[in-house]
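*Asks:*
2 protein chains.
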Amino acid sequence: MATAAGSYHYEGTEKLLEVWFASTSNDETCDLRKIRREKWDALLKIVRAEIISMIQDDDMDAYVLSESSMFITKKRFILKTCGTTTLLLAVNHLVQMVKKECGFDKVIDIFYSRKNFAQPELQHHLHQSFDKEVSLLDDMFQNGSAYVLGRMNKDCWYLYTLDDCGVEQPDQTFELLMWDMCPKSMEVFAMKVSQDGKDATKRSGICNIIPGIKIDDTLFDPCGYSMNGILPGGYYITIHVTPEPHCSYVSFESNVPRASYENLIMKVLGVFNPGKFLMTVFANSASIAHGSLKQLEEIDTLEGYSRNDHQFCSFKNYYLTYTQFSKS
Amino acid sequence: MATAAGSYHYEGTEKLLEVWFASTSNDETCDLRKIRREKWDALLKIVRAEIISMIQDDDMDAYVLSESSMFITKKRFILKTCGTTTLLLAVNHLVQMVKKECGFDKVIDIFYSRKNFAQPELQHHLHQSFDKEVSLLDDMFQNGSAYVLGRMNKDCWYLYTLDDCGVEQPDQTFELLMWDMCPKSMEVFAMKVSQDGKDATKRSGICNIIPGIKIDDTLFDPCGYSMNGILPGGYYITIHVTPEPHCSYVSFESNVPRASYENLIMKVLGVFNPGKFLMTVFANSASIAHGSLKQLEEIDTLEGYSRNDHQFCSFKNYYLTYTQFSKS
Chain A
1 MATAAGSYHY
11 EGTEKLLEVW
21 FASTSNDETC
31 DLRKIRREKW
41 DALLKIVRAE
51 IISMIQDDDM
61 DAYVLSESSM
71 FITKKRFILK
81 TCGTTTLLLA
91 VNHLVQMVKK
101 ECGFDKVIDI
111 FYSRKNFAQP
121 ELQHHLHQSF
131 DKEVSLLDDM
141 FQNGSAYVLG
151 RMNKDCWYLY
161 TLDDCGVEQP
171 DQTFELLMWD
181 MCPKSMEVFA
191 MKVSQDGKDA
201 TKRSGICNII
211 PGIKIDDTLF
221 DPCGYSMNGI
231 LPGGYYITIH
241 VTPEPHCSYV
251 SFESNVPRAS
261 YENLIMKVLG
271 VFNPGKFLMT
281 VFANSASIAH
291 GSLKQLEEID
301 TLEGYSRNDH
311 QFCSFKNYYL
321 TYTQFSKS
Chain B
1 MATAAGSYHY
11 EGTEKLLEVW
21 FASTSNDETC
31 DLRKIRREKW
41 DALLKIVRAE
51 IISMIQDDDM
61 DAYVLSESSM
71 FITKKRFILK
81 TCGTTTLLLA
91 VNHLVQMVKK
101 ECGFDKVIDI
111 FYSRKNFAQP
121 ELQHHLHQSF
131 DKEVSLLDDM
141 FQNGSAYVLG
151 RMNKDCWYLY
161 TLDDCGVEQP
171 DQTFELLMWD
181 MCPKSMEVFA
191 MKVSQDGKDA
201 TKRSGICNII
211 PGIKIDDTLF
221 DPCGYSMNGI
231 LPGGYYITIH
241 VTPEPHCSYV
251 SFESNVPRAS
261 YENLIMKVLG
271 VFNPGKFLMT
281 VFANSASIAH
291 GSLKQLEEID
301 TLEGYSRNDH
311 QFCSFKNYYL
321 TYTQFSKS
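Line by line, the protein sequences give chains A and B.
Counted the way UniProt numbering counts, the first sequence spans residues 1 to 328.
Counted the way UniProt numbering counts, the second sequence spans residues 1 to 328.
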């Protein structure tokens, strides 16, 4: 996209929406995966993204999109989109369509989150500020709470969630959002160097991060990379790479439960070598990751990185840490 | 002040500024208390407040203002002003005046904070949003970091501080900001019920919160109350009461060090009986209050109150907790 100054900018920073559904009658036949493909296509049209490929197992359908990813389990919907997509314009449509197509008539929790954009002025006006996004969501949901973690005038991470007990089953999400990437580590995510997604997954070392996962990877022309990985039980990892040096950005996200995330963090940093990153860990009381949040509080340096900010939040049923590091 | 709807609104919510000064030559004769009264009067004119009375001891000068309080020790300046005062318009003047009048040529840390206003549209345009306040401060300071604790779309607390090691001596600040006050507890803060400040201090039970302090108290006509209390060593407490039922608000602030604040919290709540309150505890590594922050994490109910939000932040040299409670 052309910026005001005329130079190309790609906004790698994703908008991330997770919605948990339920039916008031506890109808066990309700299942988001019964919704037909054309319905998802119509939803994604509103968002300005489209499906590129799909993998599935007994627990989850995982889609690579033209702009990031979508994951669908029985009760949980996750949509992550980057660039200038218009994710929040589709929330109302999503809720209505899910009610009509599969009978879930209740949203039990939502999580909308994103890092601050590098160039907010290039976004659709509804996404240009978090205040506007919050207004839109407040019009749709009772009990919505909006938070900013980190520094509002530097790097920060926004979250909108429902102030409710919400999800009772063990649930956790780990995110590592990285920027100012080492150009050398980014070279492999271009057609000039790698043949295809599979080749980039291997050359980069992504294949070693969580061994044994089922992978769907795409290398874009001339550069850029997306991958989804799934594991039995409804677990996923997803990685998206914007390799261009002037707007480099990589996101890593997973709901794989870990009693400690330190090993995973070191693996991901080893593959991507960012100049800066922020990390969020979300876990509810039932999750084994719950204890890992306290461990993270103690870590104020990581090989070659020093911590700028650390915050810990207690919600009704969830705990969250936000941490931001830079190369020392 | 008349609101758009024509009804009277008084904004009890204070703007709070704390600035720590130093001299690059380590000149031990520099002392903020050497600055003449007329210079402080001129500063307060910019803020739209004035001095009502003053007490002092060997370590501190404490002023009750027409709108809240001002505390001056050798190296530390604290200004807290409510209503529609224009505190941030005076920061540049303060820094220049201090340099000229007493030789401190360096700001080593600043803390600007406030709760969200009940009626932001009644404020001077520079104070109508935290974004605007941050822009103003960013123009003056390098390394300023802006944070929002709590819910941006409900009740929250804003903080701007320098990302520096700053103050090395033990330092802590405890604040309890209360609203939706019990009307019965507020009756005593009016001329109809109490004779003067001293009488209101006694009848309300404020005199028992920290026994033995030197108190300067004022009861306003027809209602409203301000008090400063000082203790040897540069310690203060300050309480401000806006008793009108439709905009009731009380603030309690102190830098008295405590290994645990639980007893103090219960005393303050006992006197004022708020419907809702938020609490912040700020402490640096050298402070004995440092450990109290972890204790507060465990407290999710307090007699009659339940917790809505709890956040813990680690800065370079300071730790902060933010907690918000409502009557169950």
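Beta carbons: idealized from backbone N, C-alpha and C, even for Gly.
Flag this pair as touching only if the region 29 to 41 of chain A and the region 65 to 78 of chain A have three or more C-beta atom pairs under 8 Å; answer yes or no.
*Replies:* yes
*Asks:* Just mark B/Asp180 as buried or exposed, buried being the case when its beta carbon has 16 or more other beta carbons within 10 Å.
*Replies:* With fewer than 16 neighbouring CB atoms inside 10 Å of its own CB, B/Asp180 falls in the exposed class.
*Asks:* DSSP has A/Arg307 in a bridge; who is on the other side?
*Replies:* A/Phe325
*Asks:* Taking the continuous beta strand (DSSP E) assigned at B/Glu262, which residues delimit it?
*Replies:* Per DSSP, B/Glu262 belongs to no beta strand (DSSP E); it is in the alpha helix (DSSP H), 262 to 272.
*Asks:* If we define contact as Cβ-Cβ less than 7 Å, is B/Gln123 a contact residue for chain A?
*Replies:* Chain A, which has no Cβ nearer than 7 Å to the Cβ of B/Gln123, makes this no.
*Asks:* Kindly list the residues whose CB is nearer than 8 Å to the CB of B/Glu38, restricted to its own chain and excluding five residues on each side of it in sequence; keep chain order.
*Replies:* Result list for B/Glu38: empty, nothing under 8 Å.
*Asks:* Mind listing the chain A neighbours of B/Val134? Cutoff is C-beta to C-beta under 7 Å, in chain order.
*Replies:* At a beta-carbon threshold of 7 Å, the residues of chain A lying near B/Val134 are Met152, Asn153, ordered along the chain.
*Asks:* Does A/Gln311 come within less than 7 Å of chain B when only Cβ atoms are used?
*Replies:* yes
*Asks:* Which chain B residues sit within Cβ distance under 7 Å of A/Val148?
*Replies:* Val148, Met152
*Asks:* How many Å lie between B/Asp163 and B/Asn317 at the Cα?
*Replies:* Computed Cα separation, rounded: 9 Å.
*Asks:* Quick check: is the beta carbon of A/Ser113 nearer than 7 Å to any beta carbon in chain B?
*Replies:* No, A/Ser113 lies away from the interface with chain B (no Cβ there is under 7 Å from its Cβ).
*Asks:* For the region 175 to 192 of chain A against the region 247 to 256 of chain A, do three or more pairs of beta-carbon atoms, one drawn from each stretch, fall closer than 8 Å, so that the two count as touching?
*Replies:* yes
*Asks:* So that I know if they touch, is there some Cβ in chain B lying closer than 7 Å to that of A/Ser314?
*Replies:* yes
*Asks:* Does the beta-carbon of A/Asn284 have 16 or more other beta-carbons within 10 angstroms, so that it is buried, or is it exposed?
*Replies:* By the 10 Å Cβ count, A/Asn284 comes out buried.
*Asks:* Taking all protein chains shown into account, decide if A/His125 is buried (16 or more other Cβ within 10 angstroms of its Cβ) or exposed.
*Replies:* exposed
*Asks:* One question on the structure: do B/Arg114 and B/Tyr158 come within less than 7 Å of each other, judged by their Cβ atoms?
*Replies:* yes
*Asks:* Counting contacts by CB-CB distance shorter than 7 Å, is A/Ser145 in contact with chain B?
*Replies:* Interface residue, yes.
*Asks:* Can you check DSSP and say which residues form a bridge with B/Val250?
*Replies:* B/Met178, B/Val241
*Asks:* Output the distance between the C-alpha atoms of B/Val98 and B/Ile288, rounded to the nearest integer angstrom.
*Replies:* Their backbone Cα atoms lie some 30 Å apart in a straight line.
*Asks:* What's the gap between the Cα of A/Val167 and the Cα of A/Ser66?
*Replies:* Going by the C-alpha atoms only, they are around 30 Å apart.
*Asks:* Find the residues of chain A that neighbour B/Asp138, judging by a C-beta separation of less than 7 Å, and give them in chain order.
*Replies:* Listed along the chain, the chain A residues whose CB falls inside 7 Å of the CB of B/Asp138 are Asn153.
*Asks:* Assuming A/Ile230 and A/Ile55 are in contact, meaning their beta carbons sit under 8 Å apart, how far apart are those beta carbons, in whole angstroms?
*Replies:* 6 Å
*Asks:* From B/Tyr319 to B/Leu293, what distance separates their C-alpha atoms?
*Replies:* Here the alpha carbon of B/Tyr319 sits roughly 8 Å from the alpha carbon of B/Leu293.
*Asks:* My output table needs one value for A/Ile209: the three-state DSSP class, helix, strand or coil.
*Replies:* coil
*Asks:* State yes or no: is the C-beta of A/Leu87 within less than 7 Å of the C-beta of A/Leu136?
*Replies:* no
*Asks:* How big is the Cα-Cα spacing for A/Ser145 and B/Cys102?
*Replies:* 47 Å
*Asks:* For B/Glu18, which residues does DSSP report across the bridge?
*Replies:* In the DSSP assignment, B/Glu18 is bridged to B/Ile78, B/Phe111.
*Asks:* Quick one: Cα of A/Glu253 to Cα of B/Gln142, how far?
*Replies:* 33 Å
*Asks:* Within 10 Å of its beta-carbon, does B/Lys45 have 16 or more other beta-carbons around it, so buried, or fewer, so exposed?
*Replies:* With fewer than 16 neighbouring CB atoms inside 10 Å of its own CB, B/Lys45 falls in the exposed class.
*Asks:* Would you grab the beta carbon distance between A/Ile209 and A/Lys267 for me? Rounded to a whole angstrom, and I think it's under 8 Å.
*Replies:* 5 Å
*Asks:* Which residue from A/Phe312, A/Lys327, A/Trp20, A/Thr323 puts its Cα closest to that of A/Cys165?
*Replies:* A/Trp20
*Asks:* Could you please give the first and the last residue of the uninterrupted alpha helix (DSSP H) stretch that includes A/Ile46?
*Replies:* Segment 37 to 47, the alpha helix (DSSP H) holding A/Ile46.
*Asks:* Could you compute how far the alpha carbon of B/Cys223 sits from the alpha carbon of B/Asp61?
*Replies:* When rounded, the distance between both Cα atoms is 26 Å.
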